[in-house]
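Inspection log for the structure reproduced underneath, given as structure tokens.
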Amino acid sequence: MRHLLDTKTLAREDALRILDVAEDMADTQQREVKKLPTLRGKTVVNLFFEDSTRTRISFEAAAKRLSADVINFSAKGSSVSKGESLQDTAQTLQAMAADAVVIRHSASGAPRTLATSGWISAGVVNAGDGTHEHPTQALLDAFTIRKRRYGADSRGRDLTGMRVTIVGDILHSRVARSNVWLLHTLGAEVALVAPPTLVPQDVSAWPVRVGYDLDEAVGEGPDALMMLRIQLERMNASYFPNEREYSRRWGLDPERFAALPQSTMVMHPGPMNRGLEICAEAADSPRSTVLDQVTNGVSVRMAALYLLLAGERPAPGADDDAQKEDAR
19 MRHLLDTKTL AREDALRILD VAEDMADTQQ REVKKLPTLR GKTVVNLFFE
69 DSTRTRISFE AAAKRLSADV INFSAKGSSV SKGESLQDTA QTLQAMAADA
119 VVIRHSASGA PRTLATSGWI SAGVVNAGDG THEHPTQALL DAFTIRKRRY
169 GADSRGRDLT GMRVTIVGDI LHSRVARSNV WLLHTLGAEV ALVAPPTLVP
219 QDVSAWPVRV GYDLDEAVGE GPDALMMLRI QLERMNASYF PNEREYSRRW
269 GLDPERFAAL PQSTMVMHPG PMNRGLEICA EAADSPRSTV LDQVTNGVSV
319 RMAALYLLLA GERPAPGADD DAQKEDAR
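Going by the numbering used here, the first residue of the sequence shown is number 19, and it counts up by one from there.
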């Protein structure tokens, strides 16, 4: 795997490979010594042009647990804020001999530009670009769904037969886009529910069903209900009357949560607006996967970095001796 830029072009076998390696990584995180020597000597740069807490920390933890050296680069307070271009920044990283660059950028397509420009020889991982895609979030969501469905026996399995409903601000959500393509690739049936004003114009080309009534969607009893954050910071117009009206019609309130089947898992990519798109009862329930998603994010990002920088899937127990050596 040379780069991880999106899920739309990610082949099924590559997606399953990442998820299976993530299972291996998750197993290592149950040990007393969580750190592996796999990427010792490699340098991973977190290049964040947009603010982030969860994603940046998750990638940092993933790289460090693989023993890579990590450089965190924030656009604020850097030369970027003084007008430095992406090309100049990339060439600086090339001079530093970065092996992998994890990039989050407000411009859709920036990670692909970085990967294909020839400015840098490092592998590139898209950590979110504009309203385009966020592939590792979709992978960790798929990993979480698969783990909840199959438990320890999930390796090699896809999501055929699973019904996933994604609710909320589809228009501005790179998480929704990445999930639609990946879940479809893995065999799941995907439905979208949102106010008409928050449904993208090109949605007819997506492999999804589109609805506007959350009560109807809840009544269908999906296997997973994924609530999205309302991205007010990306809105330059009024997409719904007010937050109270949005919550009344498209929020997962206590009544809708109670109407869901006990088997339905409730998901949210975070950060959550409690009381707006999701109630506390749903967010804190045993059926919620919110904290699982955070935990699984580290394993999935470990897998992505490993496949980017080391290549082959490790044999079971291959790192045990080296890990013991690290613990001494």
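We put the beta carbon where it would ideally sit given N, CA and C, even for glycine.
Indicate whether the contact test is met: 3 or more Cβ pairs, each with one atom in the stretch 271–289 and one in the stretch 137–147, closer than 8 Å. no
Any idea if residue 151 is buried or exposed, counting beta-carbon neighbours within 10 angstroms, 16 or more meaning buried? buried
Ignoring anything shorter than 3 residues or poking outside the stretch 142–220, list the beta strand (DSSP E) runs there in chain order. 181–185 and 207–211
Does the Cβ-Cβ distance between residue 308 and residue 301 come in under 8 Å? yes
Determine the DSSP secondary structure at residue 237, reduced to helix, strand or coil. helix
Distance check for residue 109 and residue 62, CA to CA, integer angstroms please. 15 Å
Spatial neighbours of residue 341 in its chain, beta-carbon cut-off 8 Å, leaving aside the 5 residues before and after: Residue confidence for residue 341 is low, a pLDDT of 47 falling below 50, so the modelled location carries little weight and cannot support an answer.
Would you mind stating whether residue 80 and residue 323 have Cβ atoms separated by less than 8 Å? yes
With respect to the alpha helix (DSSP H) encompassing residue 69, which residues constitute its N-terminal and C-terminal limits? No alpha helix (DSSP H) holds residue 69; DSSP gives it neither H nor E.
Does the structure place the stretch 225–240 close enough to the stretch 183–199 that three or more beta carbon pairs sit under 8 Å? yes
Could you spell out where the beta strand (DSSP E) holding residue 229 opens and where it closes? 227–229
Would you list the one or two residues that DSSP bridges to residue 275? According to DSSP, which records beta bridges pairwise, residue 275 is partnered with nothing at all.
Measuring alpha carbon to alpha carbon, tell me which residue in 325, 139, 38 and 287 is nearest residue 194. 287
In the structure shown, what three-state DSSP assignment does residue 320 receive? helix
Along the chain, where does the beta strand (DSSP E) that runs through residue 88 open and close? 87–92
Count the CB pairs spanning the stretch 116–135 and the stretch 63–70 that are closer than 8 Å, and state whether there are at least three. yes
Member of 173, 129, 175 and 264 whose CA lies at the smallest distance from the CA of residue 213: 264
Best match in 114, 40, 139 and 234 for proximity to residue 274 [C-alpha to C-alpha]: 234
Top-ranked residue by Cα proximity to residue 310, from 283, 326, 59 and 186: 283
Option nearest residue 12 by Cα separation, candidates 289, 23 and 37: No statement about residue 12 is possible, as the shown extent of the chain runs from 19 to 346 and does not include it.
Leaving out five residues before and five after residue 192 in sequence, what residues of the same chain have Cβ atoms less than 6 Å from its Cβ? 146, 149, 150, 151 and 152
Rounding to the nearest angstrom, what Cα-Cα distance links residue 77 and residue 320 in this structure? 8 Å
Please return the same chain residues whose Cβ sits closer than 6 Å to the Cβ of residue 317, not counting the five positions on each side in sequence. 40, 43 and 44
Taking DSSP as the reference, what is the three-state secondary structure of residue 54? coil
By Cβ distance, which residues of its chain are closer than 8 Å to residue 376, with the 5 residues on each side in sequence left out? This structure gives no information on residue 376, because the portion of the chain shown stretches from 19 to 346.
Please say whether residue 183 and residue 28 have beta carbons closer to each other than 8 Å? no
Per the DSSP calculation, residue 123 is bridged to which residue(s)? 147
According to the neighbour-count rule (16 or more other Cβ atoms, all chains shown, within 10 Å of its Cβ), is residue 252 buried or exposed? Note that residue 252 has pLDDT 47, beneath the 50 cutoff, so the model's placement of it is unreliable and the number below is only indicative. Label assigned to residue 252: exposed.
If you measure between the beta carbons of residue 299 and residue 246, is that distance less than 8 Å? no
In whole angstroms, give me the CA-to-CA distance for residue 333 and residue 104. Its pLDDT being 43, under 50, residue 333 is placed unreliably in this model, and the coordinates cannot settle the point.
How long is the line joining the alpha carbons of residue 166 and residue 22, rounded to whole angstroms? 25 Å
Taking only three categories from DSSP, how would you classify residue 252? Here the model assigns residue 252 a pLDDT of 47, short of 50, so the residue's position is not dependable and the matter cannot be decided.
What span of residues does the beta strand (DSSP E) with residue 43 cover, start to end? From DSSP, residue 43 is part of no beta strand (DSSP E) but of the alpha helix (DSSP H) over 30–46.
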